[in-house]
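As structure tokens, the structure follows; a few thoughts come after it.
Residue numbers (my numbering): 1 to 105.
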């Protein structure tokens with residue numbers, strides 16, 4: 001996710017336009033991100049990062065399905081930017097715990 005976001009030279013919107021979500025996999029990911037944000041926010045506040053990370057890890061099947069079914073870099077600009085905004089929102093959840101892209105192996 002970090003690599004995709006880094007490669008984009010476009011201004012990514014701050015929020016996802018949920019009305020512009022088309023594919024079932026992107027709708028599912030957006031719903032999961034909203035639910036997870038509510039779920040882990042209290043854990044972050046209490047600095048229970050290990051528990052939060054375990055919960056975040058449960059997103060893997062939804063994220064995998066998203067990448068299998070959705071072309072993030074769609075030709076249509078608004079669609080592409082909305083998908084990038086969704087990925088940025090997901091990435092920011094993980095960055096609350098740690099920058100996982102810095103891990104080796």
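Cβ atoms here follow ideal geometry from the backbone N, Cα and C, with glycine treated the same way. Quick caveat, the model's predicted, so the values are computed rather than measured.
The DSSP-derived three-state label of residue 69 is helix. Per DSSP, reduced to three states, the secondary structure at residue 51 is helical. Per DSSP, residue 59 is not a residue of any alpha helix (DSSP H), being assigned neither H nor E. Around residue 26, the same chain offers 66, 70, 83 and 86 as residues with beta carbons nearer than 7 Å, after the five sequence neighbours per side are excluded. DSSP places residue 8 in the coil class of the three-state scheme, outside both helix and strand.
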